[in-house]
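Asker: First residue of the sequence shown? That's 2 in the working numbering, and the numbers climb one at a time after it. Even for Gly, the Cβ is constructed at its ideal location relative to N, Cα and C.
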Amino acid sequence: MYKNHTHCRACGLGKPSIPTLKVSTAAGPDVAAQQLVPVMDLGLQPLANDFADMLDEHAGFAPLKVMLCPRCNLSQLSIVVNPKDLYRHYSYVTSKSETMNLHFHNLMGDIMDESGFGSVVEIGSNDGTLLRKMRMDGFGPVMGIDPAENLCAISTANGVDNICSMFGFDSAQKALDHMGQPHIIIARHVFCHIDDWRNAIKCMEMLADKETAIFIEVPYVMDMLKDGSFDTIYHEHLSYLNVRSMEYALKESKLHLHAIKRYPIHGGAIVMTLRRNDWADSPDESVAWFLSEERSGVEEWRKFSQESEVRIMQLGGLVRNLVSEGKTIVGYGASAKSTVWINACGFTRKEIKYICDNTPQKQYKVSPGTNIPICDDGALTRDLPTHALCWAWNFRDEIIEKEQIFRKHGGKWIFPTPNVEVI
Ligand code: TYD
2 MYKNHTHCRA CGLGKPSIPT LKVSTAAGPD VAAQQLVPVM DLGLQPLAND FADMLDEHAG
62 FAPLKVMLCP RCNLSQLSIV VNPKDLYRHY SYVTSKSETM NLHFHNLMGD IMDESGFGSV
122 VEIGSNDGTL LRKMRMDGFG PVMGIDPAEN LCAISTANGV DNICSMFGFD SAQKALDHMG
182 QPHIIIARHV FCHIDDWRNA IKCMEMLADK ETAIFIEVPY VMDMLKDGSF DTIYHEHLSY
242 LNVRSMEYAL KESKLHLHAI KRYPIHGGAI VMTLRRNDWA DSPDESVAWF LSEERSGVEE
302 WRKFSQESEV RIMQLGGLVR NLVSEGKTIV GYGASAKSTV WINACGFTRK EIKYICDNTP
362 QKQYKVSPGT NIPICDDGAL TRDLPTHALC WAWNFRDEII EKEQIFRKHG GKWIFPTPNV
422 EVI
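#1: Between the alpha carbons of M55 and T371, how many angstroms are there, rounded?
#2: How is the beta strand (DSSP E) around C165 delimited, first residue to last?
#3: What first and last residue would you give for the beta strand (DSSP E) that runs through F192?
#4: Starting from V331, trace the alpha helix (DSSP H) both ways and give me its first and last residue.
#5: Pull up the CB-CB distance for A173 and C153, whole angstroms please, since I reckon it's below 8 Å.
#6: Quick check: what's the CA-CA separation for C12 versus S156?
#7: Using a threshold of 7 Å, is the CB atom of V163 nearer than that to any non-hydrogen atom of the ligand TYD?
#8: Do you know how far the Cα of I313 is from the Cα of T349?
#9: Hey, which unbroken runs of the beta strand (DSSP E) at 3 residues or more fall wholly within the stretch 206-280?
#10: Could you check whether the stretch 209-219 touches the stretch 35-45, counting it as contact only if at least three pairs of C-beta atoms, one from each stretch, sit closer than 8 Å?
#11: Among the candidates T233, I217 and R303, whose CA atom is the shortest distance from the CA of E248?
#12: Counting C-beta neighbours from all protein chains within 10 Å, is the total for D378 16 or more, i.e. buried, or is it exposed?
#13: Does any heavy atom of the ligand TYD sit closer than 7 Å to the C-beta of N359?
#14: Can you list, in chain order, the residues of its chain whose CB lies under 7 Å from that of F396, leaving out five sequence neighbours each side?
#15: Residues in the same chain with beta-carbon distance under 8 Å from R321, minus the five sequence neighbours each way, listed in chain order, please.
#16: Is the distance from the Cβ of D232 to the Cβ of K338 below 8 Å?
#17: Beta-carbon separation of K363 and A335 under 8 Å?
#18: Within the same chain, show all residues whose beta-carbon is closer than 7 Å to that of K328, passing over the 5 residues directly before and after it, in chain order.
#19: What separation, rounded to the nearest whole angstrom, lies between the Cα atoms of I187 and G145?
#20: Ordered along the chain, which non-local residues of its own chain (more than five positions away) have a Cβ less than 6 Å from that of I424?
#21: Applying the 10 Å Cβ sphere with the 16-neighbour rule, what's the burial state of A289?
#22: Go ahead and pull the three-state DSSP assignment for E399.
#23: How close, in whole Å, do the beta carbons of L78 and L239 come, if the pair is a contact with beta carbons under 8 Å?
#24: Does the beta-carbon of F231, which I'm using as the reference point, lie nearer than 7 Å to any heavy atom of the ligand TYD?
#25: Between A123 and R199, what straight-line distance do the alpha-carbon atoms span, to the nearest angstrom?
#26: Which value, in whole angstroms, describes the spacing of the CA atoms of K4 and H190?
The following block contains the structure:
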């Protein structure tokens, strides 16, 4: 089901050919560190998006442990789950929320400012939502690359062409054959899923001509550490990116970091703009700023890990107390984050009656690793439980605004991130 991961996928530390380093590690200062350092252990966890029917075979459990590279500070899981198991019941669909629409609007504006209109290849195009919007706004032609057959079918039905495949030399070549070198390459929340960065970078080099701008959006590890969002740690996310690691990874390539910008989406993300090394303009000052401000070493991880344990105890205690007082608690948002929380707290149907979610692919399935069913989001107002535990906290304001009937009937929200809070 999985293989061990022992070397840094950004800078190569841990590979036999890399020389010994003198650095401070968890084991103490000036230790010769040639290995990734363990910084967080969430035990055995199910695959976070393995939403399947109750009687279907589930993929099972695997260790969820984070290792830190003492050289470039890339945090990465200690294992790589076989993609066939990981994406077997894949049900992540780009959210159709207002928050997401606003993000796409802002992102398209920034892409336009950097590179103007032109042809687009999106790596990890999901159901084609962003490409469709881009085409409506005047970008084009557009082409997606995504391995999920169900999502490619939706994309095609919506008129967005795609290559149904993992990103690699073959799919990059197909995109080239189809549209030539694109003016814009986008990879949103893809890099954290990629095991072989070298290969991915080579494929991007192959696609990029001198004018191409590459936009890589990733959840930013600094925001994760600051906000305590340990629930974004799950098997699909092989790496938790910092800028330094990307700088290392690009060192011997034809690409470099050209600009970096922060966005509030998904609890805090950055978009790294890459340009070819023969691009005329020098890098934006944002690159140097991020490199000097970034702090995501062993100390920061240790603190984060301890605080996460405290919050797991808090939420577990709060929910169990409420249940013992006769309150009814449902989950809201069957996000991958919900799987991490539920399994960390050991919740079952006894504590969480069901989870409401507006994604048809998840409804009437059970939450991975548990017997908690997923219902449609209308269940909240039909049922009016006393408490709803929101695991789509990244859409907090929008959800509170939308579910006013629940509030009017005395329903209380529980938010687990950034702090455990009842409102
Ligand atoms: P999301 O945060 O997009 O992703 P992840 O799985 O990476 O943690 O998941 C949010 C979930 O919440 C998703 O399954 C859709 C659901 N949702 C609702 O049910 N109603 C809503 O109003 C919103 C915004 C999301």
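Answerer: According to the data block:
#1: Mapped onto the sequence shown, residue 55 falls at position 54. Mapped onto the sequence shown, residue 371 falls at position 370. In this model, M55 and T371 are separated by some 9 Å (Cα to Cα).
#2: Translated into positions along the sequence shown, residue 165 becomes position 164. N163 to C165 is the extent of the beta strand (DSSP E) around C165.
#3: Counted from its first residue, the sequence shown places residue 192 at position 191. Looking at the DSSP string, F192 is not in any beta strand (DSSP E), and its letter there is neither H nor E.
#4: Along the sequence shown, one-based indexing puts residue 331 at 330. Per DSSP, V331 belongs to no alpha helix (DSSP H); it is in the beta strand (DSSP E), I330 to Y333.
#5: In the sequence shown, residue 173 corresponds to position 172, counting from 1. In the sequence shown, residue 153 corresponds to position 152, counting from 1. That pair is no contact at about 17 Å.
#6: Counting from one through the sequence shown, the residue named residue 12 turns up at place 11. Counting from one through the sequence shown, the residue named residue 156 turns up at place 155. Their backbone Cα atoms lie some 35 Å apart in a straight line.
#7: Working through the sequence shown from its first residue, we reach residue 163 at position 162. Checking the displayed sequence, the identity of residue 163 turns out to be Asn instead of Val. Outside the cutoff, so no.
#8: Taking the sequence shown and counting its residues from 1, one reaches residue 349 at position 348. Taking the sequence shown and counting its residues from 1, one reaches residue 313 at position 312. T349 and I313: Cα-Cα distance of roughly 15 Å.
#9: Entirely contained in the stretch 206-280, the beta strand (DSSP E) runs reaching 3 residues are, in chain order, 214-220, 256-264 and 270-277.
#10: No, the stretch 209-219 is not in contact with the stretch 35-45.
#11: By one-based count along the sequence shown, residue 248 stands at place 247. Answer by Cα proximity: I217.
#12: By 1-based counting over the sequence shown, the position of residue 378 is 377. Counting Cβ neighbours within 10 Å, D378 comes out buried, since at least 16 surround it.
#13: What you label residue 359 is simply residue 358 of the sequence shown in a count that begins at 1. It does: the Cβ of N359 is within 7 Å (strictly closer) of some heavy atom of the ligand TYD.
#14: As a position in the sequence shown, residue 396 is number 395, starting the count at 1. By the criterion of a C-beta distance shorter than 7 Å, F396 is surrounded in its chain by S98 and T100, once the five residues flanking it on both sides are discounted.
#15: Against the sequence shown, residue 321 aligns to sequence position 320. The answer, listed in chain order, is E352.
#16: Here residue 232 refers to the residue found at position 231 of the sequence shown. Here residue 338 refers to the residue found at position 337 of the sequence shown. Closer than 8 Å, so yes.
#17: One-based indexing of the sequence shown puts residue 363 at position 362. One-based indexing of the sequence shown puts residue 335 at position 334. The answer is yes: Cβ separation under 8 Å.
#18: Sequence index remark: in the sequence shown, residue 328 carries index 327 (1-based). Here the set comprises T387 and H388.
#19: Start at 1 with the first residue of the sequence shown, and residue 187 comes out as number 186. Start at 1 with the first residue of the sequence shown, and residue 145 comes out as number 144. Cα-Cα distance, rounded: 9 Å.
#20: The residue given as residue 424 occupies position 423 in the sequence shown. Taken in chain order, the residues that qualify are W414.
#21: Position 288 of the sequence shown, counted from the start, is the residue given in the question as residue 289. By the 16-neighbour rule on beta-carbons within 10 angstroms, A289 is exposed.
#22: Here residue 399 refers to the residue found at position 398 when the sequence shown is read from its first residue. If DSSP states are grouped into helix, strand and coil, E399 belongs with the helices.
#23: Residue numbering aside, residue 78 sits at position 77 when the sequence shown is read from its first letter. Residue numbering aside, residue 239 sits at position 238 when the sequence shown is read from its first letter. Contact flag correct, Cβ pair sits at about 5 Å.
#24: Here the question's residue 231 lines up with position 230 in the sequence shown. Because no heavy atom of the ligand TYD lies under 7 Å away, the Cβ of F231 does not count as near it: no.
#25: Walking along the sequence shown from the start, residue 123 turns up at place 122. Walking along the sequence shown from the start, residue 199 turns up at place 198. Inspection of the sequence shows that residue 123 is occupied by Glu rather than by Ala. Looking at the backbone, the Cα of E123 and that of R199 are separated by about 19 Å.
#26: Taking the sequence shown and counting its residues from 1, the one referred to as residue 4 is at position 3. Taking the sequence shown and counting its residues from 1, the one referred to as residue 190 is at position 189. One Cα belongs to K4, the other to H190, and the distance between them is close to 22 Å.
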